[in-house]
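**Student:** First, the structure itself, so that you have it in front of you.
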Amino acid sequence: MQRQNHEYGFRILNPPPTRTPAVDRFACALISTLLLFPGLGCRTWSNAGTEVLTNHNPQANDPTGPRSFNRKRVILDVEFVNAVPRSSSAPPARESSPSLWRWVDETCIDPSVRQNMIRNGIRVGLVNNEEEFRNQLNEHEDDRDLVETFLAEASIASDLAHGSQSMPMRLGRRYELPLRQPFEGSHVAMIRDGDDLIGKTMQNAQYVLALTSNRGNTPEQIELKVHPEIQHGDTVRKWVSSDTALRIDSRRETWQLECLNLQFTAQEGDLIVIAPTQPLHGLAKHMLSGAGQDNQQEQLVLLIRVAQIPAFIEEL
């Protein structure tokens, strides 16, 4: 059929077919489905974003938290406790009190190493009752005024290390823990190795503990090596090659005190104590003792806690 449109002067040869109700329903369903997909896409993106954001919380970003992103590393909590020695007429100092060592197991150290430690004025062990140990440690706390407390906590005008810190450690990698400020100028150190007395003169000497952790015999244990050493002299820069590139290694000469090397088989939560003997003598006079504020002599008690041991699955 042909019909003429006289107003515009053209003819409609094939008029559009009339749509049926079934076609209209199909078109509505198709449009509704297409409109639904963007909504689903937005919902999926929103859920993914929320999940990522929940992982970015202060605890996860805190390198000192046991449940932090450092869960693949060993974490050691180190505490430096400083004590002011009392006069001979005063009660014994807290680190020298026999009752303090009543709560410490010193038999965890090899007997020969333990004897060498004592010869050099140092006692070492694992705390077996922390509550009683802490009570005894704090029982004879010396009275300090506000200024002295601030100076001690801020490590101002003090030879010895102060405060506390957390050390995330990779298995098998070496870390250094300075015990005090370097001596200025010439310093003479004397160490007893059995019946032998060995001495050495060094420049700008600094006493340091080198720490290394490795897997123990069980997944719950680590082997923690604590090696005392004295770094001295000028810093020397050397090129060191690695698997990926060359890097500059800056370090000083080191006198490794091998007869005092410690090794602990430790579990999570274990607390290690290193302190000077009483009376103070030997290597500990320089390693664990120094001048504090107002040139007052202080002694250092070092506490090392194994705060975290990574599980095997977390290393994968």
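The sequence shown begins at 32 in this note's numbering and counts up by one. Glycine included, each C-beta is placed from N, C-alpha and C at the ideal position.
(1) Could you tell me the alpha carbon to alpha carbon distance between residue 120 and residue 130, rounded to whole angstroms?
(2) Where does residue 319 fall in DSSP's three states?
(3) Starting from residue 106, follow the beta strand (DSSP E) in both directions and report where the run begins and ends.
(4) Classify residue 134 as helix, strand or coil using the three-state DSSP reduction.
(5) Assign residue 215 to one of three DSSP states: helix, strand, or coil.
(6) Buried or exposed: where does residue 210 fall if 16 or more other Cβ atoms within 10 Å of its Cβ makes it buried?
(7) In the DSSP assignment, what are the bridge partners of residue 350?
(8) List the endpoints of the continuous alpha helix (DSSP H) containing residue 161.
(9) So, under 8 Å CB-CB, residue 233 and residue 241 are touching, yes? Tell me the CB distance rounded to an integer number of Å.
(10) DSSP beta-bridge partners for residue 305?
(11) Which stretch, first to last residue, makes up the alpha helix (DSSP H) that contains residue 140?
(12) Using a threshold of 8 Å, state whether the C-beta atoms of residue 164 and residue 135 are closer than that.
(13) Per DSSP, what are the beta-bridge partners of residue 224 in this structure?
**Tutor:** From the atom records:
(1) As a first step, residue 120 must be located in the sequence shown, where it is residue number 89. As a first step, residue 130 must be located in the sequence shown, where it is residue number 99. Only weak support exists for where residue 120 lies, its pLDDT of 46 falling under 50; the coordinates are left without a value.
(2) Your numbering for residue 319 matches position 288 in the sequence shown. DSSP places residue 319 in coil when its eight states are reduced to three.
(3) One-based indexing of the sequence shown puts residue 106 at position 75. Here the beta strand (DSSP E) through residue 106 covers 105-114.
(4) In the sequence shown, the residue the question calls residue 134 occupies position 103. Note: residue 134 maps to coil in three-state DSSP.
(5) Residue numbering aside, residue 215 sits at position 184 when the sequence shown is read from its first letter. Looking at residue 215 - three-state DSSP - the assignment turns out to be coil, as it is neither helix nor strand.
(6) Here residue 210 refers to the residue found at position 179 when the sequence shown is read from its first residue. When all chains shown are included, residue 210 counts as buried.
(7) Summary: the structure shown does not reach residue 350, with the chain confined to residues 32 through 347, and so no result is reported for it.
(8) What you label residue 161 is simply residue 130 of the sequence shown in a count that begins at 1. 161-170 is the extent of the alpha helix (DSSP H) around residue 161.
(9) Counting from one through the sequence shown, the residue named residue 233 turns up at place 202. Counting from one through the sequence shown, the residue named residue 241 turns up at place 210. Not confirmed; about 17 Å, so no contact.
(10) Mapped onto the sequence shown, residue 305 falls at position 274. Beta-bridge pairing links residue 305 to 155, 333.
(11) Numbered from 1 along the sequence shown, position 109 holds the residue referred to as residue 140. No alpha helix (DSSP H) holds residue 140; DSSP gives it neither H nor E.
(12) Taking the sequence shown and counting its residues from 1, the one referred to as residue 164 is at position 133. Taking the sequence shown and counting its residues from 1, the one referred to as residue 135 is at position 104. Taking 8 Å as the Cβ cut-off, residue 164 and residue 135 qualify as a contacting pair.
(13) Indexing the sequence shown from 1 puts residue 224 at position 193. 227, per the DSSP bridge assignment.
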